[in-house]
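Anchor point for the sequence shown: position 43 equals 372 in this note's numbering, and the numbering is continuous, going up by one each time. Quick reminder that beta carbons are idealized off the backbone N, C-alpha and C, glycines included. To keep things clear, I will list the structure first and then write my remarks on it.
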Amino acid sequence: GLSKLMEASESVAKLSQELAVKEKELALASIKADKVLAEVTESAEAAAKVKNEVQAVKDKAQKIVDEIDLEKVKAESKLEAAKPALEEAEAALNQFPKDTINEETVELLQPYFNMEDYTLEYGKKVCGNVAGLLSWTQAMAIFYGVNREVLPLKV
């Protein structure tokens, strides 16, 4: 019986040593697992942060797209409303007797053409309607110059 007790005592001592080794290994594994868990948690938080930032940018972009679409609809509506007036103005300009523009008319316009603020950009800045008239007078003067060369060829 004593030998059995001795054997059991040795076995318990051996198992205690193995248990101590296993506890150390388990503690190391637990530390490593905690470290990996912390890294994974940190990565997940970083990914969530990036995802939130991307979503914020996406939301801003969508808001801009929605505003542009709204402005486009408004602009198309205004354009559609202005179309009859534009067509009427074009028809009136087409009925203007362009062949009656003569050198005297162009000479009378020349002082205006020489003014530095007699430009399409300045006309638009001052008043859109003025810009159209300004552009038309310049075009008619150019037309006269071209027409002066072409008229003799028509005969």
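Nearest-angstrom Cα separation, counted from residue j out to residue i
| i | j | result |
| --- | --- | --- |
| Asp-388 | Glu-405 | 25 Å |
| Glu-419 | Thr-448 | 21 Å |
| Pro-440 | Trp-465 | 16 Å |
| Met-335 | Glu-368 | 49 Å |
| Glu-347 | Val-379 | 47 Å |
| Glu-478 | Gln-424 | 22 Å |
| Glu-339 | Lys-364 | 37 Å |
| Asn-476 | Asp-398 | 45 Å |
| Glu-416 | Lys-403 | 20 Å |
Terminal residues of the alpha helix (DSSP H) in which residue i lies
| i | result |
| --- | --- |
| Phe-442 | 432–443 |
| Gly-452 | 449–455 |
Exposure label - residue i; buried when at least 16 CB within 10 Å
| i | result |
| --- | --- |
| Tyr-473 | buried |
| Leu-344 | exposed |
| Leu-357 | exposed |
| Leu-463 | buried |
Complete beta strand (DSSP E) runs within the segment 390–422 (minimum length 3 residues, chain order): none
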